[in-house]
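Everything in the sequence shown is counted per the working numbering, starting at 194 for the first residue and increasing by one.
Note that CB positions come from ideal geometry on N, CA and C, so glycine has one too.
Presented below is the structure to which this report refers.
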Amino acid sequence: MSGPQGQGSRATLGLAQAHFDKGEYAEAEALYSAYIRQCACAASAGAPPGSECSPEDLATAYNNRGQIKYFRVDFYEAMEDYTSAIGVQPNFEVPYYNRGLILYRLGYFDDALEDFKKVLDLNPGFQDATLSLK
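Shown next, in the form of structure tokens:
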């Protein structure tokens with residue numbers, strides 16, 4: 194996206210991250226959701242590759258919104274966001290790890306193991322995933 198709409202998307206994401214970093218999760222969640230909607234609208238309008246809604250930024254928005262849902266113990270909704278992040282950016286290891294944690298907590302040990310192994314395939318130095326496999 195170019196022009197004011199693209200700048201609005203980038204500003205929305207930055208503001209969401211600032212609220213997230215301060216632990217203001219309700220505000221951050223609303224802004225991440227707005228950013229995700231803005232990206233969906235841009236994509237349906239035919240935004241060019243490399244627009245302000247990059248796959249990396251969109252995956253981060255989904256992942257961080259998932260974290261907020263995880264903190265609220267909305268595990269299934271959080272997993273949906275992590276899975277969306279993976280769909281947008283399949284080489285982003287963090288949502289695999291986060292989803293694996295939830296799967297483990299819910300007793301889906303084999304699925305959690307697959308996610309933790311995928312994390313290490315993508316980033317062999319990811320220590321938390323290594324510990325999760327022990």
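Does the beta-carbon of Gly280 have 16 or more other beta-carbons within 10 angstroms, so that it is buried, or is it exposed?
Here residue 280 corresponds to residue number 87 of the sequence shown, with the count starting at 1. Exposed, because fewer than 16 other Cβ atoms sit within 10 Å of the Cβ of Gly280.
Can you list, in chain order, the residues of its chain with a C-beta nearer than 8 Å to that of Asn284? Leave out the 5 residues immediately preceding and following it.
The residue you call residue 284 lines up with position 91 of the sequence shown. Sequence-distant Cβ neighbours of Asn284 in its own chain, meaning closer than 8 Å and more than five residues away, are Leu315.
Under the three-state DSSP convention, the category Arg265 falls into
For the purposes of this step, residue 265 is taken as residue 72 along the sequence shown, with counting starting at 1. DSSP places Arg265 in the coil class of the three-state scheme, outside both helix and strand.
Scan the segment 260 to 305 and note each continuous beta strand (DSSP E) run of 3 residues or more that stays entirely inside, going in chain order.
Listed in chain order, there is nothing to give.
Phe302 versus Gly293: straight-line alpha-carbon distance, rounded:
Locating residue 302 in the sequence shown gives position 109, where the first residue counts as 1. Locating residue 293 in the sequence shown gives position 100, where the first residue counts as 1. Between Phe302 and Gly293, the C-alpha separation is close to 9 Å.
Can you name the start and end residues of the alpha helix (DSSP H) that Ser325 belongs to?
What you label residue 325 is simply residue 132 of the sequence shown in a count that begins at 1. In this chain, the alpha helix (DSSP H) harbouring Ser325 covers 320 to 325.
Exposed or buried, which one is Pro317 when buried takes at least 16 other CB atoms within 10 Å?
What you label residue 317 is simply residue 124 of the sequence shown in a count that begins at 1. It is exposed - the Cβ of Pro317 has fewer than 16 other Cβ atoms within 10 Å.
Please return the same chain residues whose Cβ sits closer than 7 Å to the Cβ of Pro197, not counting the five positions on each side in sequence.
One-based indexing of the sequence shown puts residue 197 at position 4. Caution is warranted here: a pLDDT of 38 is assigned to Pro197, below 50, making its placement in the model unreliable, and the coordinate value is therefore given only provisionally. Excluding residues within five positions, none has a Cβ falling inside 7 Å.
Can you find the residues in the same chain that come closer than 8 Å, C-beta to C-beta, to Asn257, ignoring five residues on each side of it along the sequence?
Counted from its first residue, the sequence shown places residue 257 at position 64. For Asn257, same chain residues with a beta-carbon under 8 Å away, outside a window of 5 residues either side, are Ala209, Gln210, Phe213, Ala221, Tyr225 in chain order.
Comparing C-alpha positions only, which one of Gly259, Glu249, Ala235, Ser247 sits nearest to Ala223?
On the sequence shown, residue 223 is found 30 positions in, with the first residue counted as 1. Comparing Cα-Cα distances from Ala223 to each of Gly259, Glu249, Ala235, Ser247, the minimum goes to Gly259.
By Cβ distance below 8 Å, which residues in the same chain neighbour Tyr290 in space, the five residues on each side in sequence not counted?
On the sequence shown, residue 290 is found 97 positions in, with the first residue counted as 1. Excluding sequence neighbours, Tyr290 sits near Asp308, Phe309, Val312, Phe319, Asp321, Ala322, Ser325.
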